[in-house]
Amino acid sequence: MSQFFGHQYELYPFQLFSVTHLVMLILFVAGSVLLYVFRKPLKSLEKPMKVIMFSGLFILELFYHIWLYSGKAWEISFTLPLQLCSISLLLCLGLLATDSKLLFQIVYFLGIAGAIQALLTPDLFVGFPHFRFLQFFITHMLIIWVALFYAIVKGFRITGKGLWSAFAFLNLAAGVAFLANVITGGNYMFLARKPSNPSLLDYLGPYPYYILVLECLALLLFWLIYLPWRGGRK
Numbered sequence: 001m002s003q004f005f006g007h008q009y010e011l012y013p014f015q016l017f018s019v020t021h022l023v024m025l026i027l028f029v030a031g032s033v034l035l036y037v038f039r040k041p042l043k044s045l046e047k048p049m050k051v052i053m054f055s056g057l058f059i060l061e062l063f064y065h066i067w068l069y070s071g072k073a074w075e076i077s078f079t080l081p082l083q084l085c086s087i088s089l090l091l092c093l094g095l096l097a098t099d100s101k102l103l104f105q106i107v108y109f110l111g112i113a114g115a116i117q118a119l120l121t122p123d124l125f126v127g128f129p130h131f132r133f134l135q136f137f138i139t140h141m142l143i144i145w146v147a148l149f150y151a152i153v154k155g156f157r158i159t160g161k162g163l164w165s166a167f168a169f170l171n172l173a174a175g176v177a178f179l180a181n182v183i184t185g186g187n188y189m190f191l192a193r194k195p196s197n198p199s200l201l202d203y204l205g206p207y208p209y210y211i212l213v214l215e216c217l218a219l220l221l222f223w224l225i226y227l228p229w230r231g232g233r234k
């Protein structure tokens, strides 16, 4: 247990697209498919599903901060909820508590686009079976599953207006993250530098030009995940 929740990272090195990484990706795809296949039966389980997802996200995030604090690794320069997926997690909690259609639009676009990138190229330094590895992957899966749950099971519809609302929110959040980076010396939303681990950002040019490319790429990703719903009920 001490090693599972410990801070001896060298015991569990993370390797991109290792067997354990691929297993987590397979579990994510399988869970997403099952969510679609059983969308009708799940409608009658809406309340317990929301409680499970809310509890899962909240508890995993709480224990993540406890883990950081216990190892004297909690620092204001990187533990504030200003990374894209940290913001999406908080929005998911708000969505599950309120069923807000505006929050859903933002969660759908930001959550799916950000969490998929995180699942494919994790900014992670510790591997299976460490707590941080499991917390990272389960949290990002849940962010996407919350968005899909509302779209597929609850029947919330994604709109073009929602796309632009999410894009505006993204830029507002980026502005806050930029200021936080200046004040704390952090790298929230990777606006100060690229992550140390291999990621999509490695192919987008040097700093600061990759930030402009990211803007265009985010808009493209938003459009792609909007396409399946284009022309549907508003």
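If you read the sequence shown in this note's numbering, its first letter stands for residue 1, the second for the next number, and so on. Note that the Cβ used here is the ideal one computed from N, Cα and C, for glycine as well. Since the structure is predicted, the reported quantities are computational estimates derived from the model, not experimental observations.
V107 counts as buried, since no fewer than 16 other beta carbons sit within 10 angstroms of its beta carbon.
Taking the Cβ atoms as the reference, L96 lies roughly 15 Å from M141, outside the contact range of under 8 Å.
The stretch 106-124 and the stretch 139-158 touch, with three or more beta-carbon pairs separated by less than 8 Å. Burial of Y12 is indicated by the presence of at least 16 other C-beta atoms within 10 angstroms of its C-beta.
Sequence-distant partners of L82 (beyond 5 residues in either direction) whose C-beta falls short of 6 Å from its own C-beta, in its chain, are A177, A180 and Y188. DSSP places D99 in the coil class of the three-state scheme, outside both helix and strand.
Between the C-alpha atoms of F136 and K40 there is a straight-line separation of about 29 Å.
F190 is classed as buried because its beta carbon has at least 16 other beta carbons within 10 Å across all chains shown. Between the alpha carbons of L221 and C85 lies a gap of roughly 15 Å.
When the five nearest sequence neighbours on each side are left out, the beta carbons in the same chain lying within less than 6 Å of the beta carbon of A173 are those of I87, in order along the chain.
Distances from the alpha-carbon of Y150 to those of F104, G31 and L34 put F104 closest. Around the beta carbon of L224, fewer than 16 other beta carbons lie within 10 angstroms, which makes this residue exposed. Taking all protein chains shown into account, V33 has fewer than 16 neighbouring C-beta atoms within 10 Å of its C-beta and is therefore exposed. Boundaries of the alpha helix (DSSP H) around H140: F131 to L148. CA-to-CA, the gap between F128 and F4 works out to about 9 Å. With fewer than 16 neighbouring CB atoms inside 10 Å of its own CB, H65 falls in the exposed class.
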